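Student: Protein chains in written order, with this note's numbering: chain Y, 223 to 478; chain G, 42 to 371.
Dumping the structure here so I can ask a few things about it.
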Ligand SMILES: Cc1cc2nc3c(=O)[nH]c(=O)nc-3n(C[C@H](O)[C@H](O)[C@H](O)COP(=O)(O)OP(=O)(O)OC[C@H]3O[C@@H](n4cnc5c(N)ncnc54)[C@H](O)[C@@H]3O)c2cc1C
């Protein structure tokens with residue numbers, strides 16, 4: 223029975239244009255909308271699969287304001303059992319603060335006699351790209367951590383973890399309890415079905431207050447890079463452009 | 042006060058290979074930090090004896106004072122926390138005030154362990170020093186579309202940061218360094234080795250290294266139209282002696298494996314030529330291909346970001362254009 227905690231983050235959907243808030247302190251997602259970081263969609267999938275395979279449970283956690291309940295419900299809709307929101311202004315929290323707040327929840331559950339065997343986080347959030355929350359969390363909890371996990375299987379009290387992020391597939395065998403940071407690509411996140419959506423809508427979300435004030439991320443300001451001036455040379459339209467394209471390939475020295 | 046750079050070898054299986062391009066870039070970047078000397082610590086290659094000559098040659102060219110290696114035999118397989126212990130020991134031995142590594146999966150992971158152990162901040166994917174007194178740097182966030190300014194002062198003993206791949210071009214140092222080789226000893230605990238690679242498996246159908254090392258990449262996006270529509274893309278990649286790279290839509294639809302994905306959550310490539318076919322050029326994709334020397338876009342939409350950002354473009358259906366190009370080449 224593996225009880226899994228999976229941590230997700232509400233981020234602005236930046237697949238279209240990126241717009242900053244008026245004061246330049248953050249990314250404005252009000253028009254484009256918000257989503258869950260992509261690595262975390264895979265983390266939720268892994269959590270749900272591990273729990274199902276072992277008869278365990280999944281608790282999904284986010285640190286954020288009331289709106290971030292939307293991302294918790296997305297995880298509940300695909301099979302998470304419980305949801306926790308750490309009530310905080312996420313933009314005031316640096317990666318060390320987030321790790322500390324999650325560690326607090328993990329310890330509290332442990333002292334209640336309901337410990338998490340496995341904690342999953344995304345390898346890095348789509349907006350801040352910090353690459354460290356999971357590793358800091360592992361240090362705080364004194365647990366082993368594998369970064370860039372893509373495929374996970376539990377056997378007894380050990381985890382078989384695979385990652386191809388740095389080249390050929392690397393296999394790790396770590397004891398539970400453990401922390402993993404998940405990288406997308408190893409699993410296909412499932413879509414919610416109607417009954418999942420209905421259940422998620424009605425599910426209770428536990429709200430916790432973090433203790434202590436955050437240190438922050440050290441952000442001094444943001445700027446969006448201006449789009450580079452286009453200097454594209456259009457070689458033509460359709461197949462008629464093929465000879466010109468081949469000329470260019472020759473000029474570039476990639477064909478002889 | 043010195044700067045310590047975590048360097049990675051180019052290719053473990055190639056005895057003649059030196060440092061990875063990203064490591065050479067980071068060594069160049071390190072010289073813009075306010076340290077007097079640049080030292081390096083070699084990760085990913087335990088050295089009982091001398092490090093490979095090609096690695097030393099790159100270190101000398103980059104002005105490295107000392108190259109730290111470890112004789113620890115238990116580190117022949119990757120274990121991030123144990124590697125971090127080696128890096129910390131090297132930082133102490135060389136009196137480092139700044140610690141930097143490439144913003145690769147491995148570089149970020151090892152640095153994060155050091156930062157966590159020391160309780161210091163770690164900005165990732167730094168692209169430039171914007172001010173030196175007090176030190177402020179700019180880093181990529183949101184897949185590289187936005188730059189964030191952060192303070193990186195060494196007031197807490199060791200300032201830690203990773204450097205975005207291809208943010209700076211590698212330049213030889215004004216004068217070559219001695220690159221003295223020094224062995225660092227570390228005492229490793231069970232906990233340091235708890236998460237260690239037990240086995241490496243070559244993935245069926247290859248891995249991302251073919252893509253990241255390719256001189257030509259033929260990219261394919263949703264415009265391909267389906268998993269069974271890759272024949273001409275593959276034929277063109279083969280004809281140009283290159284690799285196939287794809288967008289995230291293609292991998293999430295299951296048309297191609299994830300190790301072919303280019304972008305923020307895929308591979309970062311820097312080929313001589315990137316031929317992007319049926320790819321819109323969203324910022325997360327651009328994050329992975331913007332360092333290509335030349336980009337050519339083939340797209341039905343003349344307004345697609347990939348077209349406006351490319352050097353050359355053909356407006357049209359890739360399934361008409363590519364076969365015509367192949368015919369022209371035959
Ligand atoms: C956190 C996060 C991380 C992400 N990471 C990545 C990443 O690593 N890599 C990545 O690629 N994306 C990533 N994305 C997704 C990214 O935002 C885009 O959704 C994706 O890159 C779009 O892929 P595409 O260009 O193939 O598809 P689309 O945006 O659908 O574009 C298809 C293009 O093909 C053209 N087209 C259609 N038919 C044809 C034809 N027959 N011939 C020629 N052209 C045609 C269209 O004009 C269009 O420009 C990420 C997104 C998020 C939120």
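All residues carry an ideal CB built from backbone N, CA and C; glycine is no exception.
Only a predicted model underlies this, so the values are computations on that prediction, with no experimental measurement involved.
(1) So which residues put a beta carbon under 5 angstroms from any heavy atom of ligand 1, going in chain order?
(2) What does DSSP give as the partner residue(s) for residue 80 of chain G in the beta ladder?
(3) How many angstroms separate the CA atom of residue 239 of chain Y from the CA atom of residue 132 of chain G?
(4) Would you mind sorting residue 361 of chain Y into buried or exposed? The rule is 16 or more other CB atoms within 10 Å of its CB.
(5) Helix, strand or coil, according to DSSP, for residue 186 of chain G in the structure here?
(6) Identify every run of the alpha helix (DSSP H) within the stretch 300-348 of chain Y, keeping only runs that are complete inside it and at least 4 residues long; order them along the chain.
(7) Please state if the CB of residue 298 of chain Y and the CB of residue 445 of chain Y are separated by a distance shorter than 8 angstroms.
(8) Could you pull the DSSP bridge partners for residue 377 of chain Y from this structure?
(9) Please list, in chain order, the chain Y residues whose beta carbon lies closer than 7 angstroms to that of residue 189 of chain G.
(10) How would you list, in chain order, the residues of chain A whose beta-carbon sits under 8 angstroms from the beta-carbon of residue 274 of chain G?
(11) Quick one: is residue 339 of chain Y buried, meaning 16 or more other Cβ sit within 10 Å of its Cβ, or exposed?
(12) Would you check if the distance between the CB atom of residue 234 of chain G and the CB atom of residue 447 of chain Y is smaller than 8 angstroms?
(13) Three-state secondary structure (DSSP) at residue 253 of chain G?
(14) Does the beta carbon of residue 342 of chain Y sit closer than 8 angstroms to a beta carbon anywhere in chain G?
(15) Could you please give the first and the last residue of the uninterrupted alpha helix (DSSP H) stretch that includes residue 271 of chain Y?
(16) Select from G:170, G:314, G:197, G:349 the residue whose C-alpha is nearest the C-alpha of residue 160 of chain G.
(17) Using a beta-carbon distance cut-off of less than 9 angstroms, what residues from the stretch 166-183 of chain G approach chain Y?
(18) Short of 9 angstroms Cβ to Cβ, which residues in the stretch 310-344 of chain Y face chain G?
(19) Restricting to Cα atoms, I'd like to know which of G:346, G:63, G:194 is closest to residue 452 of chain Y.
(20) For residue 293 of chain Y, which residues in chain G fall below 7 angstroms Cβ to Cβ?
(21) Return yes when the Cβ of residue 231 of chain Y is within less than 8 angstroms of the Cβ of residue 260 of chain Y, no when it is not.
(22) Between the Cα of residue 175 of chain G and those of G:120, G:191, G:221, spot the shortest distance and give me the residue it belongs to.
(23) Just verifying my parser: in three-state terms, what is the DSSP assignment at residue 453 of chain Y?
(24) Kindly give me the distance between the Cβ atoms of residue 282 of chain Y and residue 341 of chain Y, rounded to whole angstroms, as I take these residues to be in contact under 8 angstroms.
(25) Inspect the CB distances between the stretch 434-445 of chain Y and the stretch 367-385 of chain Y and report whether three or more fall short of 8 angstroms.
(26) Which complete alpha helix (DSSP H) runs does the stretch 189-254 of chain G hold, if anything under 4 residues is left out?
(27) Is residue 236 of chain G close to chain Y, meaning its C-beta is less than 8 angstroms from at least one C-beta of that chain?
(28) Are the stretch 251-262 of chain G and the stretch 135-143 of chain G touching, with three or more C-beta to C-beta distances below 8 angstroms?
(29) Could you tell me which chain G residues have their CB closer than 8 angstroms to the CB of residue 461 of chain Y, listed as they occur along the chain?
(30) Between which two residues does the alpha helix (DSSP H) holding residue 101 of chain G run?
(31) For residue 385 of chain Y, collect the residues of the same chain with a Cβ closer than 6 angstroms to its Cβ; drop the 5 residues on either side in sequence, then sort them by chain order.
(32) Is there a Cβ from chain G that is less than 8 angstroms from the Cβ of residue 399 of chain Y?
(33) Can you list, in chain order, the stretches of the alpha helix (DSSP H) that have 4 or more residues and sit fully within the stretch 292-346 of chain G?
(34) Which bits of chain G does residue 392 of chain Y rub up against, with CB to CB less than 7 angstroms?
(35) In the structure shown, what three-state DSSP assignment does residue 298 of chain Y receive?
(36) State the start and end residues of the unbroken beta strand (DSSP E) segment that holds residue 109 of chain G.
Tutor: The relevant details are as follows:
(1) Y:237, Y:260, Y:348, G:262, G:263, G:264, G:288, G:289, G:290, G:304, G:305, G:306, G:307, G:319, G:320, G:321, G:323, G:325, G:326, G:340, G:341, G:342, G:345, G:358, G:359
(2) G:45
(3) In a straight line, the C-alpha of residue 239 of chain Y is about 41 angstroms away from that of residue 132 of chain G.
(4) buried
(5) coil
(6) Qualifying alpha helix (DSSP H) stretches, in chain order: 317-333.
(7) no
(8) Y:380
(9) 441, 444
(10) This model lacks chain A altogether, as its protein chains are Y and G.
(11) buried
(12) no
(13) Helix, per DSSP.
(14) no
(15) 260-276
(16) G:197
(17) Per Cβ criterion, the list reads 166, 177, 179, 180, 181, 182, 183.
(18) If the cut-off is 9 angstroms between Cβ atoms, the stretch 310-344 of chain Y has 316, 317, 318, 321 near chain G.
(19) Of the candidates G:346, G:63, G:194, the one whose C-alpha sits nearest the C-alpha of residue 452 of chain Y is G:346.
(20) Chain G residues near residue 293 of chain Y: none, gap ~17 angstroms exceeds 7 angstroms.
(21) Taking C-beta atoms as the reference points, residue 260 of chain Y and residue 231 of chain Y fail to come closer than 8 angstroms.
(22) G:191
(23) coil
(24) Not confirmed; about 12 angstroms, so no contact.
(25) With the cut-off at 8 angstroms, the stretch 434-445 of chain Y and the stretch 367-385 of chain Y do not touch.
(26) 249-253
(27) yes
(28) no
(29) Proximity of chain G to residue 461 of chain Y at the Cβ level (cut-off 8 angstroms) is accounted for by 357, 361, 362, 364, 365, in chain order.
(30) Looking at the DSSP string, the run of the alpha helix (DSSP H) that includes residue 101 of chain G is 94-102.
(31) 370, 371, 372, 392
(32) no
(33) 324-330
(34) 119, 238, 241
(35) helix
(36) Counting along the chain, the beta strand (DSSP E) containing residue 109 of chain G begins and ends at 107-110.
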